[in-house]
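Line by line, the protein sequences give chains D and F.
Heads up, the first sequence is in the numbering used here, so the first residue is 155 and it goes up one at a time.
Heads up, the second sequence is in the numbering used here, so the first residue is -17 and it goes up one at a time.
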Amino acid sequence: MSVPTNQTPETATLLSDGYSLTVSAADLNAVPTGTGYAGCDPNQRHALWWKWVGGSEVLFAFGIRGVPAGSSYAPIVTVWKGTIGSLTIFSILDPVLHGTIVTYCMSLAQVTGYTPWVLPMVTPGENYYIQVTDANSTPVDVDVTFLAMLPPNQPIIDGDLIVPSEFYGLPAGIIDPTTGRIKAYRMIPTGGEYGDVVKGYVGLWETNFDHPTTAGFGADTFLNGQTLNFISRFYREWSPVTTGLFALGAPIADSSKFYDITSDDNNSQTIIQPINVDGSLGTSFNIPYSDLRWSSFFEFSQDGKKIYFDDWNTSTILKVWDVENHVALPDLMTSPDSFNWLIAFPDGNVAVYIDGTDPKTYVFNSSGVLINTISRTYTVHRATRIPGENAIWVWGNDSGGAMLSKEIFPSGTQVAFLRHKIATHISGPSFSQDSDPLDTPWAHQGSCPILILTNEIIPPPPPNITSGIYKLVPGKHQDTLWNENFEGTTDVKIPNPKARIGYVG
Amino acid sequence: MTRLRDHDPIILEEFNGFWKRGDKDSVPSDHFSDTNNCQSIESGFETRDGLDTFIAKGNIVRQYNYKMQNGESLLALDTDGNIWHTLIDGSNTIYGPILSISGMTDFGFISIAGRAYITPFSTETDALGVNFQRGLANEFVYVYKGDGNPARKAAGNPPTNNSDTPLIAYNSNIDGKIDQGIHVIGISFSDGVDDSTAIGTTVRPLIYAPGGKQAKLDNMPIGASGITQRKIWSTKAIDPEQWDASIPYPFYLVKTINDNATLSTIIDFSDVDLVVPFVAGSLPNPTSGGITAKNTNNEGYCDFGLHIIGVVYETDTGYLTAPGPEVFAVQSFANEKRTILIENIPVSPDSFVTKRHLVASKKISDYNGDDHGFQLFFIPNGTIENNIDTTKEISFFDADLLDDASHLIDNFSEIPAGVTLTTFNGRLVLTTTNSDISVAYLSAQGEPEAIDQVDGVIIVPLDGKPITNAQEYRDVLYIFKNTRTYATADNGDVPSTWKVTPVDEGIGASVHGIAQVLDSGGANVDFLLIVDFSGIMIFNGAYQRPELTWKIQDFWTAMDFNDFANIQMLNDSISQRLYMTLPDKKMLMGDYRNGFDYKSIKWWPWSFDIETNTIALVQVNVLVIGARQASA
């Protein structure tokens, strides 16, 4: 090993997929303090530079391995872009309306056991310069490996799991539900505290505690074929007029609408606002409770006629609201502990999970009769209805750590189980297909939904219709038929021409 | 050539097409016992001509060559009941749908003066399972001008004045005491205390009392709430020689009607009774709507006496509606040297009304309150060249009233839908409406939308079977049922007087079963080709046997009679071919280059990968096939 020479933007090492360089502690200590590029780290100790040229991919990853907790090396990554002499700090323009520029700085210090990564979103043809400096003034005491790679980019299909980042500016991971491996990443315009899916669309909402400007933030996504392009379609900003917060869902599996709820304490009511997939708003209606909040759970029955929700003040009363007649129906149950999640199934059953000292899932039929009680030996943080099925994915923790479990209802039978190398939460540091992101420091199982991709089901093309208006053309030796569905023509042989001579008696 | 013993070679100089009559042993050696998709060439045969796309419009079930004034085009009906207008000038323009009617599975069509007349119909099935066609219930004949704008109902509604009608006064033939001379009649409102500000109505009626008779008032205006009386006022008798419309003749009370509901009343007074003059009050002045007429002080001319004046609308297709409104202007003209001012002339709500014509009766000496019992004439120079103006000043003598408008009175304002549309002697012929399957309606000559509901009716003998077709041939209108043929001719009187004569009670025609010749849409060869259950018949005033399809009789009779309405036949007299669609959505071609008789014609069945529903000849003799997807 030798002292790296990539100490300025001019001498930056060009990165490519699979790049890996290990630098010894001694050589790293020999790298001088940089000048002129006080990005995220004004001290610029042991400044090293790499360069990435944006290609067709939307992401690339830069990571550092071998820096255990407690190490004296505290790498700070600053991403620059542009041309040398006029480099600017790569920033994130908060993509949905806020217009806020957020400097893209990443501290990769004090992380061990996996490879932390920087995931800039790139523009094809743009030069990106990665500057790594040491925030710690004491000498480096570990050998450090610097890595670069492209993210996986496998085809996305219906049933894949989408795990949004809790943080804006970081990508959502798309996970294979059979292997748990990450198939792809997509940038999303928001984090996802709550979210749901309708055919072809993903709706996400985050409270953005860490968002620089806005306390409430409705987000939007768009699913196009087997690509997952998140494009703004609607935006519902938290309104200071109301005192509650938003939640977002698409409670009816085959609905084309999302709904957000706003608790209006001033008027002692909760507003249910339909949001069409084109961003337009439907006709809202009110529920005369002011205690539905972002932490509440609300779920439409699959016939759309009832809403189940918990009483936010206590989170112990499972209430039912008749949407058609706008009256309260008898409470479904009262629990000694808070509800954790609520799911309505296509068969009309409703499952509610109550954590606490005796974790149980309670299953009610559409008449409100308790039909099953399922005990759990592990903590469940989130559950996601699988569209069109009486089944859920649950994200839980048992003695072996985090896991994903697919369960069918009303029995609660587990039919799939994923643990190893499951990417259940994507928050920047975990990236590769082989990473084990369950240990990611930013993971928060209680606040990130798992969404199940329900792509727009493209109906099979109808059988071709060869109708139309034709003309008989003397001397033409085939029939040219108009393909009504495909707006084209096809030459076909004149069918079965024959001339059979008569019998000569 | 090597000869087999006792077998002579057969030399075939001609291949004469399909033979399907009797068993296979009876097939002549130069015919085919089985053939498909072939056609004749000189001393041989070949695979039929191929198709090429013509118009990219799908699921066509009926089409016609629509001749506009500036070219030809196609009207095509699709399976969803939409009619499209496709230009065939290379522009690929498709208008429409220019007409969409739920349940329209077929339509009749005729082009007159560049306009398309369309009648929607459908196939129904009777209790015995027999299909028949008749006009769609609650539907109408439509007219389309070829400009891409939607078709509209043919004909049009006559003028109307709704419930607002003019005050009318006229002499009664009952003896009374009204003094001879002109009397102006008016009316006022009263609540028992107060009176109107003036005597109404705006245009007050005149009577020229003969002396010794009563008079009658109709359409007396009704006052607002609070009015309890209406008072009838009149001037004393005025000598016609002295009559001056500009003079405010004094009015005197004639009669008080102690209610606010009565519409008509009889008045009888002598001038000596007229002693209570009108004193203006503060109540509203009676007004009345509707068309009115009055003498002006302008130089002009008219004939003295009571006249009726109405209005006829003219549409953008030249149709003249029945005269209206419901209550005409009824007025006695008092000064023969003054013009007549017509006011409140109705305006049509229909945008396609482009003109209005004033019509009038001649002087009526015995008017009895019935507006519609008198002959009306178009007033010379009484045309309003728009649908906007509500007044017109005219002069006319009764002797000028020559152009009779009476024939318009019983016209259909909406012509019920039927099956066949054709022409005869300049008249539009419509048959087989939903309610009258044995009736043919004929329009006035030169006015295809003017169909008199009484005089324009021809009734074919009722036998429970609908009229299927109609065709003019040698100045005779032939009307067909499935197995009947009738004839009728213009006797110079109205159609309802024409005699209907049976021609053949065993042979008829199917709905589209009269061959159209080339792209003319008519019969310009001196015979008709008619699709009968027994075969294709040549008709030249009488049916000729054997039928043209004699060689393929078994093929013909094997076809489903119930679907004979699918047969559409065209005669390409240039290529000397007959084309026809068949009940099974295939085609049959008859090549008659070697002679147009049952022996010489060569039949060639054709099939396609599409269902050939309908055919037309365009650009003189280009065969165009309207098709839809073949059944699986």
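Note that CB positions come from ideal geometry on N, CA and C, so glycine has one too.
Just so we're clear, the structure is a prediction, and the values are computed from it rather than from any experiment.
The C-alpha of Pro(-9)/F lies about 16 Å from the C-alpha of Phe(-3)/F.
Within a 10 Å sphere around the beta-carbon of Arg338/F sit 16 or more other beta-carbons, which makes this residue buried. Taking the Cα positions, Arg335/D is about 13 Å away from Pro309/D.
Chain D has a Cβ within less than 7 Å of the Cβ of Asp591/F. When Lys159/F, Gly608/F, Gln162/F, Pro328/F are compared, the shortest CA-CA separation from Ala598/F is found for Gly608/F.
Secondary structure at Ile623/D: strand, using DSSP grouped into helix, strand and coil. Between Ser264/F and Pro203/F, the gap from beta carbon to beta carbon reaches 7 Å or more.
A check of alpha carbon separations from Thr372/F across Val341/F, Lys584/F, Gly351/F, Val329/F identifies Val329/F as the nearest. Distances from the CA of Thr274/F to each of Phe233/F, Asn201/F, Thr61/F were compared; the closest alpha carbon is that of Asn201/F. Any Cβ of chain D closer than 7 Å to the Cβ of Ser15/F would place that residue at the interface, and such an atom is present. The Cβ atoms of Asn277/F and Ala316/F lie closer than 7 Å to each other. Pairing Glu396/F with Phe122/F gives a Cβ-Cβ distance under 7 Å. Here DSSP, grouped into helix, strand and coil, assigns Ser553/D to coil. Between the beta-carbon of Gln435/F and that of Phe462/F there is about 23 Å, and that puts the pair past the 8 Å contact cut. With contacts defined as CB atoms closer than 7 Å, Ser478/F and Asp437/F qualify as a contacting pair. Within the same chain, Asp173 come within 7 Å of Gly208/F by CB-CB distance, once the 5 residues on both sides are set aside. Interface annotation, Gln611/F: in contact with chain D, CB-CB separation under 7 Å.
In the DSSP assignment, Phe89/F falls outside any alpha helix (DSSP H) and within the unbroken beta strand (DSSP E) covering 88 to 94. Only Val627, Pro628, Gly629, Lys630, His631, Gln632, Asp633, Thr634, Leu635, Trp636, Glu638 from the segment 627 to 640 of chain D bring a Cβ to less than 7 Å from some Cβ of chain F. In this structure, the beta-carbon distance from Lys213/F to Ser252/F does not fall below 7 Å.
For Leu182/D, the uninterrupted alpha helix (DSSP H) segment begins and ends at 179 to 184. Under a criterion of Cβ atoms nearer than 8 Å, no residue of chain D is adjacent to Gly53/F; the nearest Cβ is some 17 Å distant. For Gln535/F, the enclosing alpha helix (DSSP H) begins and ends at 535 to 539.
The alpha carbon of Gly622/D has as its nearest neighbour, out of Leu383/F, Asn473/F, Arg610/F, Phe378/F, the alpha carbon of Arg610/F.
Less than 7 Å divides the Cβ of Glu280/D from the Cβ of Gly208/D. Assigned with DSSP and collapsed to three states, Pro442/D falls in coil, not helix or strand. Taking Trp532/F as the centre and dropping the five residues before and after it, the same chain places the C-beta of Tyr580 closer than 6 Å to its C-beta, in chain order. Taking 7 Å as the cut-off, the Cβ atoms of Gly354/D and Phe412/D do not count as close. For the segment 16 to 47 of chain F, the residues whose beta carbon sits under 8 Å from a beta carbon of chain D are, in order, Asp16, Thr17, Asn18, Asn19, Cys20, Phe27, Thr29, Arg30, Asp31, Gly32, Leu33, Asp34, Thr35, Phe36, Ile37, Ala38, Lys39, Gly40, Asn41, Ile42, Gln45.
Pairing Leu301/D with Ile238/D, the inter-Cα distance amounts to about 23 Å. Bridge partners of Phe518/D according to DSSP: Val504/D, Leu524/D.
One finds nothing in chain F with a Cβ atom closer than 7 Å to the Cβ of Lys205/D; even the nearest lies about 55 Å away. Nearest in C-alpha terms to Ile489/F, of all of Asp472/F, Gly282/F, Phe521/F, is Phe521/F. Within chain D, Ile623 have C-beta atoms less than 9 Å from the C-beta of Ala58/F, given in sequence order.
Within a 10 Å sphere around the beta-carbon of Ala653/D sit 16 or more other beta-carbons, which makes this residue buried. Separation of the CB atoms of Ala197/F and Ile220/F is rounded to 14 Å, and the pair is thereby denied contact status at 8 Å.
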